[in-house]
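Take a look at the structure set out below.
Residue numbers (this note's numbering): 54 to 301.
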């Protein structure tokens, strides 16, 4: 009888342990990370329903379509490695060609090239040391601002500040997908030219990247605006895993 009770107890403990392991695995979340183009907010965007939320270009504000408001996000300019850490102000809708919405003030802070606003974005997990550091910095800045004489404060019109441009031109291409057989890539290429009129005069190439692997790519493009429409057309056609690459 005692053996049976002991056996049942051990089975119960084992069941609870397995339940805890599964629970912890389900609740653990990966840190969000992505790279691509930033959408620089314009005052007319809300009026034209390009975005569903208003932003103030005079402030450092950002919006993301998936991450919840209050999430800390690190935004890095991939050109010069300038970065800023900001709270996501709003969950906003904007063209899904872009990875994040930022105001002109953020673009200026990062010294982004508006023609090629390439960024990396990373979710920052809050911890006690980080929060304490941010709180201390905010407190110190507040004291400095409160002591500063009003007459010495100069307010610049941020909308007139020119965002830094890079003189070096970059070229891009859109990788549509990878294929095991060259014939499969050729069939998709033929179908795309037939179905999407805007691609009729565009260069769609099949590139052998390694043995038994062929990439179907579209391009070359010199600016973001020149590739945006083709990217959106491909997405609407059903391609989900499109990749924007630098053309060497």
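Cβ coordinates follow ideal geometry from the N, Cα and C atoms, glycine included.
The model shown is predicted, which means the values in this text are computed figures rather than measured ones.
Nearest to residue 167 by C-alpha distance, out of 291, 276, 290, 230, is 276. For residue 236, the secondary structure class from DSSP, reduced to helix, strand or coil, is helix.
Here the alpha carbons of residue 87 and residue 111 stand approximately 26 Å from one another.
With a 10 Å radius around the Cβ and a threshold of 16 neighbouring Cβ atoms, residue 242 comes out buried. Rounded to whole angstroms, the Cβ separation of residue 157 and residue 228 is 31 Å, and the two are not in contact under 8 Å. Closest in alpha carbon position to residue 159, among 119, 133, 93, is 93. In the three-state scheme derived from DSSP, where H, G and I count as helix and E and B as strand, residue 250 is classed as helix.
Around the C-beta of residue 170, 16 or more other C-beta atoms lie within 10 Å, and the residue is accordingly described as buried. Nearest in C-alpha terms to residue 178, of all of 123, 240, 90, 143, is 123. As the crow flies, the alpha-carbon of residue 135 is around 39 Å from that of residue 249. Under the DSSP assignment, residue 173 falls outside any alpha helix (DSSP H), being part of the beta strand (DSSP E) whose first and last residues are 171 to 177.
If you draw a straight line from the Cα of residue 164 to the Cα of residue 139, it is about 16 Å long.
Close CB contacts of residue 105 within its chain, under the 8 Å cut and outside five residues either way in sequence, are with 99, 145, 146 (chain order). By the C-beta density criterion, residue 83 is exposed, having fewer than 16 other C-beta atoms within 10 angstroms. Residue burial is scored here from C-beta neighbours: residue 155 has at least 16 other C-beta atoms within 10 angstroms and is therefore classed as buried.
Around the beta carbon of residue 141, 16 or more other beta carbons sit within 10 angstroms, so the residue counts as buried. One Cα belongs to residue 97, the other to residue 152, and the distance between them is close to 20 Å.
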